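Q: Chains as they are written, first to last, in this note's numbering: chain A, 2 to 92; chain B, 8 to 178.
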Amino acid sequence: MTEPGFAELDYRYIDDDWKADPLSWSRKRQDTVGANAAGEQNAKPKGGDTRTGRSAEPVWQLDEDAKAAAAVDWDEQCLVCIGIPEDARPS
Amino acid sequence: MSELRSGRSDLPPADYIAETKRLYDGLGYDSYRWADRTDTAPAWTPIAKPLSECKITMIASGGIYKSGQIAFHTQDDTSIRLIDTASDTADLRTAHFAYDQRDARTDPNCVFPLDTLRAMAADGEIGGLTEHAATFMGGIYSIRRMETETVPLLLEHCKSEEPDLVLLVPV
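1) Taking the C-alpha atoms as reference points, what is the distance between Pro57 (chain B) and Ala93 (chain B)?
2) Would you be able to state if there are at least three C-beta pairs under 8 angstroms between the stretch 70-87 of chain B and the stretch 131-145 of chain B?
3) Going along chain B in order, which residues have a C-beta closer than 7 angstroms to the C-beta of Glu58 (chain A)?
4) Any C-beta of chain B within less than 7 angstroms: which residues of the stretch 65-80 of chain A qualify?
5) Which bits of chain B does Glu102 (chain A) rub up against, with CB to CB less than 8 angstroms?
6) Residues in its own chain within less than 6 angstroms of Arg44 (chain B) by CB, not counting five upstream and five downstream?
7) Between Ser74 (chain B) and chain A, is there a C-beta pair that is closer than 8 angstroms?
8) Could you tell me which uninterrupted beta strand (DSSP E) segments, each at least 3 residues in length, are contained entirely in the stretch 99-144 of chain B, listed from first to last along the chain?
9) Determine whether the Cβ of Thr137 (chain B) lies closer than 8 angstroms to any Cβ atom of chain A.
10) Go through its chain and collect everything with a Cβ distance to Asp91 (chain B)'s Cβ below 8 angstroms, but skip five positions before and after it.
11) So Ala67 (chain B) is in the beta strand (DSSP E); what residue range does that whole segment cover?
12) So, helix, strand or coil for Val178 (chain B), using DSSP?
Shown next, in the form of structure tokens:
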């Protein structure tokens with residue numbers, strides 16, 4: 002492909018099947034995104050808003066991540082953690 | 008790649024724009040507004056060679072960081088992380104406030120399809136990956152700060168690693 006446009010790749014993604022028959026798609030079809038393993042839609046958080054509060058401190062997924070980052074020298078760290086102001090370096 | 012090829016077929020497409028508007032309206036916010044840059048033309052550039060010969064870099068907004076790196080904060084953090092594309096995805100983490108991270112934390116490929124791209128490279132579908140991918144925490148409420156702080160860092164990444172294509176992975 003050398004021009005702007007669409008390329009058909011030999012990969013299938015989870016929501017591709019409707020494209021074979023576009024008119025088959027319906028908004029009324031059950032939306033399984035967010036459902037739990039049993040298919041229960043009430044697994045979705047109430048109101049559909051999954052946002053959490055914002056924090057000015059690094060939000061570590063795991064506590065040990067903070068220790069792992071602290072163990073890395075800043076000169077090395079700033080090569081891959083770019084744009085962190087000096088006064089915002091985590092202690 | 009077999010999992011991708013035989014993916015589930017019972018999921019309809021996500022009408023993302025309509026859903027976002029509905030969500031915001033339902034929460035009592037003003038209607039959601041996307042950045043509308045009518046003053047500059049899109050920077051689309053024709054691809055000069057086959058995809059199978061293209062080196063790709065990935066830029067993802069899902070707040071992905073690697074163990075050993077500093078996690079993003081979630082209050083307009085405009086910094087970026089460079090993730091070695093040889094990384095084990097088990098070492099990848101997410102830090103974000105604006106999406107449900109449960110699936111991404113189970114399988115980072117949801118928001119950072121590194122294994123998928125490596126498989127495509129192995130299959131010869133793409134030419135390869137740059138040494139690093141770039142990530143940021145896309146929940147930045149200031150368009151100005153995004154343009155003046157984050158985007159220049161991402162551009163510098165692209166200039167430095169010289170990809171033929173950039174794959175943008177929004178969350």
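All C-beta atoms, glycine included, are put in the ideal place defined by N, C-alpha and C. Values in this document were obtained by computation on a predicted structure and should not be read as measured data.
A: This is what the structure gives:
1) 23 angstroms
2) yes
3) His80
4) Asp66, Ala69, Ala70, Val73, Gln78
5) Outside the shown range of chain A, which is 2 to 92, sits residue 102 (chain A), and nothing can be said about it.
6) none
7) yes
8) 99-101, 139-143
9) no
10) Lys73, Glu138, His139
11) 62-67
12) coil
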